[in-house]
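Novice: Encoded as structure tokens, here's the structure I'll be asking about.
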């Protein structure tokens, strides 16, 4: 009998009691909890820890030290690269870049690359470091917002405008052609000009027409010239 009692007691001790929690209220409002009782709120307010405020003079100097600009040598390398692009490019076009997908921007870069043009985008600090103190310093205000630059070794302005006309996110601001800064209106007008060969042919034709008109308008002078030549030859004989 005693063994049975011990066995039953051990079985009761081995098995943990089963607990079941029940709530008879609605859901807990976590975003707008109910205000606690006055006594409880008073205890919570009194028991909140009070940390000493840091010294403002120390934090001011620490903040100034952490905000000090650190010269990054990589930025110097990129700035020299940007300056090299400006110095050795026959045509430079500056665009304001609106919100645009990366895939669309990559497609435009590929199209320009096939035509011998290079689409670049740099940060404002790098642009300032590359252009400041140079002959291109006048275009620094154009880089205050998001931008992109097209560099080209040739002067195919019309081809560039036809390509970027299909991309409304790229807004032309200004350009540099033959080391001459042009605004948007002058840059578009330059694209409508004929080629150098056509301009030379037109100039030669104009000079020939003026020479022929002068030659035809002086018949009496030509006759006097012939008479003088004949008289001089007769006297010499």
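In my numbering, the protein residues as written are 19 to 255. Ideal Cβ placement from N, Cα and C applies to all residues, glycine included. Model, not experiment: these values are computed from the prediction.
Should residue 69 be listed as close to the ligand GTP, given that the test is whether its C-beta is under 6 Å from any heavy atom?
Specialist: Ligands in the displayed structure: none, and consequently the ligand GTP is not present.
Novice: Please check the pair residue 100 and residue 157, which I expect to be a contact at CB under 8 Å, by giving their CB distance rounded to whole angstroms.
Specialist: 12 Å between Cβ atoms; not a contact.
Novice: What residue range does the beta strand (DSSP E) around residue 193 cover?
Specialist: Counting along the chain, the beta strand (DSSP E) containing residue 193 begins and ends at 188-195.
Novice: Decide yes or no for the touch test of the region 106-118 against the region 61-78: beta carbon pairs closer than 8 Å, at least 3 of them.
Specialist: Judged by Cβ distances under 8 Å, the region 106-118 makes no contact with the region 61-78, as fewer than three pairs qualify.
Novice: Let me confirm a value: residue 165 is counted as buried when at least 16 other C-beta atoms fall within 10 Å, else exposed. Which label applies?
Specialist: By the neighbour-count rule (16 or more Cβ atoms within 10 Å), residue 165 is buried.
Novice: Specify, as a first and last residue, the run of the beta strand (DSSP E) that residue 114 falls within.
Specialist: Unbroken beta strand (DSSP E) run through residue 114: 109-115.
Novice: Considering only the alpha carbon of each residue, which of 160, 104 and 122 lies closest to residue 152?
Specialist: Looking at the Cα atoms, 104 is the closest of the given residues.
Novice: Assuming residue 138 is part of the beta strand (DSSP E), what are its boundary residues?
Specialist: Note, residue 138: beta strand (DSSP E), 136-138.
Novice: Pick helix, strand or coil for residue 130, following the three-state DSSP scheme.
Specialist: Note: residue 130 maps to helix in three-state DSSP.
Novice: Between the Cα of residue 190 and those of 206, 197, 177 and 196, spot the shortest distance and give me the residue it belongs to.
Specialist: Per the Cα distances, 206.
Novice: Comparing alpha-carbon positions, which option in 148, 249, 130 and 182 lies nearest residue 170?
Specialist: For the residues 148, 249, 130 and 182, the minimum Cα distance to residue 170 belongs to 130.
Novice: Would you mind working out which of 222, 178 and 198 sits nearest residue 137, comparing C-alpha positions?
Specialist: If we check each option's Cα against that of residue 137, 178 comes out closest.
Novice: Here's the rule: buried if 16 or more other CB atoms are within 10 angstroms of the residue's CB, otherwise exposed. What is residue 161?
Specialist: It is buried - the Cβ of residue 161 has at least 16 other Cβ atoms within 10 Å.
Novice: Let me confirm a value: residue 193 is counted as buried when at least 16 other C-beta atoms fall within 10 Å, else exposed. Which label applies?
Specialist: So residue 193 counts as buried.
Novice: Should residue 176 and residue 209 be called a contact, given that it needs their Cβ atoms to be closer than 7 Å?
Specialist: Yes.
Novice: Does the beta-carbon distance from residue 185 to residue 126 come in below 7 Å?
Specialist: Taking 7 Å as the Cβ cut-off, residue 185 and residue 126 qualify as a contacting pair.
Novice: Using CA coordinates, which residue listed in 212, 118, 73 and 174 is at the minimum distance from residue 187?
Specialist: Looking at the Cα atoms, 118 is the closest of the given residues.
Novice: Which residues in the same chain as residue 93 place their Cβ atom closer than 8 Å to its Cβ, once the five residues preceding and following it in sequence are excluded?
Specialist: For residue 93, where only same-chain residues beyond five positions count, the Cβ hits under 8 Å are 143, 144 and 147.
Novice: Hey, could you find the ends of the beta strand (DSSP E) residue 168 is sitting in?
Specialist: Segment 165-170, the beta strand (DSSP E) holding residue 168.
Novice: Under the assumption that residue 108 contacts residue 172 (Cβ atoms under 8 Å), give the Cβ distance between them as a whole number of angstroms.
Specialist: About 6 Å; that satisfies the 8 Å criterion.
Novice: Can you tell me the Cα-Cα spacing of residue 59 and residue 72, whole angstroms?
Specialist: Answer to the nearest angstrom: the Cα atoms are 28 Å apart.
Novice: Whose C-beta lies closer than 8 Å to the C-beta of residue 149 among residues of the same chain, with five residues either side of it excluded?
Specialist: Taken in chain order, the residues that qualify are 100, 101, 104, 155, 157 and 158.
Novice: DSSP state of residue 221, grouped into three classes?
Specialist: In the structure shown, residue 221 sits in a helix (DSSP, three-state: H, G or I).
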